[in-house]
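Novice: The sequence shown begins at 78 in the numbering used here and counts up one residue at a time. Think of the CB as a built atom: it goes at the ideal place given N, C-alpha and C, for glycine as much as any other residue. Every value quoted in this text rests on a predicted model; they were computed, and no experiment measured them. This is the structure, below, for whatever I ask next.
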Amino acid sequence: MGKNRQSGGTARFRSNQISEDPIEKGSIGFPFLFLFPTLSARKLSQSPMNELHYRITQRVSECIAIANQQLGCQFPVPAIRFDIRGKTAGMALLQRWALRFNPILLEENSDAFFQEVVPHEVAHLIVFARFGKVKPHGKEWQAVMLRVFGISPQTTHSFDVSSVQGKTFLYQCSCDQMQLTVRRHNKVQRQQAQYICRRCKQPLTYIQSS
Ligand SMILES: [Zn+2]
Ligand SMILES: [Zn+2]
């Protein structure tokens, strides 16, 4: 038996290798495959946003527990998603018993989220469960805010929304979502680049613009 492995070592094709540095692979069969991300994807997909997501989830549970105790109810903790883009801070999906939050505004206004946005959205769920479809910010909602959570019922927030005005494009892999700049988005759209998540090794696919 010959050992061919040793002799033919000049043209090894190491397609699975993920390098620290971006590599252009245009010459070996993957035109313009561009292996992303050392810094930016790691920064975007890990701390500190996921830490904040966890704390928000805890805060939602806390608000539900307060409401259950105050009202003598057994409301379950809602499903929680961090996928709102643009200038909306939070949203309650009443029939689905779910809450959505804006991850960028959360990162920049985390105190306001803990103090106001989470109770505000939980109160929408509580009101829906107890009163059905009533005015979103009517007397039932105001009463829950004031008497259950002890928070002055305001319907608007004065957030700094400057960063969500800038044009970015939302992509996702198998494990997370991340924003790409216009420049990177255009490269993907022109099929000049593909970005791959360093953690799950899956290509980033475009979801929507912000
Ligand atoms: Zn509201
Ligand atoms: Zn991933």
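Can you look up I273 in the DSSP assignment and give me helix, strand or coil?
Specialist: DSSP places I273 in strand when its eight states are reduced to three.
Novice: For a test of the three-state rule: what should DSSP assign to A220, helix, strand or coil?
Specialist: The answer is helix: DSSP assigns A220 an H, G or I state.
Novice: Can we count C140 as close to ligand 2, meaning its CB is less than 7 Å from some heavy atom?
Specialist: Not under cutoff, so the answer is no.
Novice: Which residues, in chain order, sit with a beta-carbon under 6 Å away from any heavy atom of ligand 2?
Specialist: Per the Cβ criterion, the list is C250, S251, C252, D253, C274, R276, C277, Q279.
Novice: Could you pull the start and end residues of the beta strand (DSSP E) that I228 belongs to?
Specialist: Run containing I228: none; DSSP gives neither H nor E here.
Novice: For C277, does the count of other Cβ atoms within 10 angstroms reach 16, so buried, or fall short, so exposed?
Specialist: Classification for C277: exposed.
Novice: Does ligand 1 have a heavy atom nearer than 7 Å to the CB of T321?
Specialist: Residue 321 lies beyond the range of the chain shown here (78 to 287); nothing can be said about it.
Novice: Under 8 Å between the Cβ atoms of V211 and V204?
Specialist: For V211 and V204, yes; Cβs fall inside 8 Å.
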